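The numbering used here numbers the first residue of the sequence shown as 29 and each following residue consecutively. Glycine is no exception: its CB is placed at the ideal position from the N, C-alpha and C atoms. Every value quoted in this text rests on a predicted model; they were computed, and no experiment measured them. The structure appears right after this line, and notes come after that.
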Amino acid sequence: MTDAPEGRAGRRAVVRSALLEACGVPGLVLGASFLGFGSLVRESGYGLWMALAATATGWALPGQIAMVELMAVGTPLLLVCMAVALTNARLMPMTVALMPWLRRPGTPAWRYYAAAHLIAVTSWANAMRICPTLPQEYRLAWFGTFAVSLWAVTLVTTAAGYFLAGVVPQAVTLALVFLNPVYFMLIFAADLRQRAKSLALVFGAVLGPLFHLVHPDWGLLATGLVAGTLAFLAERHLKAREAGRG
């Protein structure tokens, strides 16, 4: 990107667009989820510093919830770390999928490392939807603005949820925590132009309940692994058949 006024104006427009996007439905849903997390931390007997540190450094709600719940029942620290790492392992393929869209020749490597820390379900899903439509030189700026805005929202709402603990009924607190995965599913379902996404959703919907009946503790992980693999193989097979017919 050049230093021409047009270039700076384009960057400002992209940053403004990302900020407005983050302050809309994504910020509201994610903020509501972290209200529930802040309340959960206080009800588990931990301090505000722990709630804010978990959000600031981990920024992945399933892993944060696993950490608090396991620590609350006295689980050894090593096992807590392993559980959180396993829960957040899903972020690695997300990072691998998103980074090629953000890369631009000449960009310092540290910016990519910083961006990788900001990859979470909501930021990833929206970036995969928006970044391919932007010029290459603006994608990292859009993602950085969008993700940092959401990160700031979650810090504020984590603190708010901590101080509101006891005021909001526990059932409402738990419902707020589950808003984020529901929102992610709706974003994913709204963009089914890619056949592989449709296949993954179908396989996951069918296999999820079955694997849960077999083993509730490992059913979700098995569903993601098997459904994703089947969707990938099915897509390759269908593409090969289409290429053969062509």
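Integer-rounded CB distance, given that residue j should sit under 8 Å from residue i
| i | j | result |
| --- | --- | --- |
| W179 | P160 | In fact, because the Cβ distance is near 23 Å, the residues do not count as touching under 8 Å. |
| L63 | A148 | Contact doesn't hold; Cβ gap of about 16 Å is too wide. |
| W77 | T182 | In fact, because the Cβ distance is near 16 Å, the residues do not count as touching under 8 Å. |
| L192 | S72 | L192 to S72, Cβ: 15 Å. No contact. |
| A169 | L146 | Actually they are not in contact, since the Cβ atoms of A169 and L146 sit about 13 Å apart, beyond 8 Å. |
| A81 | Y190 | Rounded, the Cβ-Cβ distance is 12 Å, inconsistent with contact. |
| W186 | T103 | For clarity, residue 186 is Thr in the given sequence; the question names Trp instead. At roughly 22 Å, the Cβ-Cβ gap does not stay under 8 Å, so T186 and T103 are not in contact. |
Pairwise C-alpha distance: residue j and residue i
| i | j | result |
| --- | --- | --- |
| A111 | R167 | 33 Å |
| M120 | T150 | 15 Å |
| T251 | A113 | 18 Å |
| L98 | Y74 | 13 Å |
| V53 | A46 | 12 Å |
| V242 | R39 | 51 Å |
| L56 | A143 | 22 Å |
| H265 | C109 | 39 Å |
| R131 | P197 | 45 Å |
| A117 | L162 | 28 Å |
| A137 | M127 | 12 Å |
| R273 | Q164 | 35 Å |
| P237 | G256 | 15 Å |
| A37 | A100 | 50 Å |
| K225 | V69 | 35 Å |
| L229 | R139 | 32 Å |
| H240 | L249 | 10 Å |
| K267 | L258 | 14 Å |
| L89 | V96 | 11 Å |
| G134 | M122 | 23 Å |
| E270 | E263 | 11 Å |
| L235 | R223 | 18 Å |
| N154 | L58 | 13 Å |
| G247 | L107 | 20 Å |
| T85 | A233 | 32 Å |
| L105 | S177 | 31 Å |
| W152 | C51 | 16 Å |
Selected residue, minimal CA-CA separation from residue i, among the options
| i | options | result |
| --- | --- | --- |
| V124 | Y141, T115 and G252 | Y141 |
| F171 | L248, V42, R36 and E97 | V42 |
| F65 | E49, V184 and F174 | V184 |
| L227 | V195, L248 and V254 | V254 |
| V275 | S177, A268 and A60 | Absent from the model: residue 275. The displayed extent of the chain is 29 to 274, so no value can be given. |
| E49 | R157, L258 and T83 | R157 |
| F231 | W246, F260 and D245 | F260 |
| Q92 | T115, A224, W246 and L106 | T115 |
| R277 | T173, E270, A94 and T85 | As shown, the chain starts at 29 and ends at 274. That puts residue 277 outside it, with no answer to give. |
| D245 | L105, A94, W152 and C51 | A94 |
Helix, strand or coil at residue i according to DSSP, with G and I counted as helix
| i | result |
| --- | --- |
| E71 | helix |
| A50 | helix |
| A111 | helix |
| A193 | strand |
| A148 | coil |
| L261 | helix |
| G91 | helix |
| L182 | It is Thr, not Leu, that sits at residue 182 in the sequence shown. Three-state DSSP puts T182 in a helix. |
| H277 | As shown, the chain starts at 29 and ends at 274. That puts residue 277 outside it, with no answer to give. |
| R14 | The requested residue 14 does not occur in the structure, where the chain is confined to residues 29 to 274. |
| T103 | coil |
| W170 | helix |
| G252 | helix |
| D31 | With a pLDDT of 40 at D31, under the threshold of 50, the modelled position of that residue is not reliable, and no figure is offered here. |
| W246 | coil |
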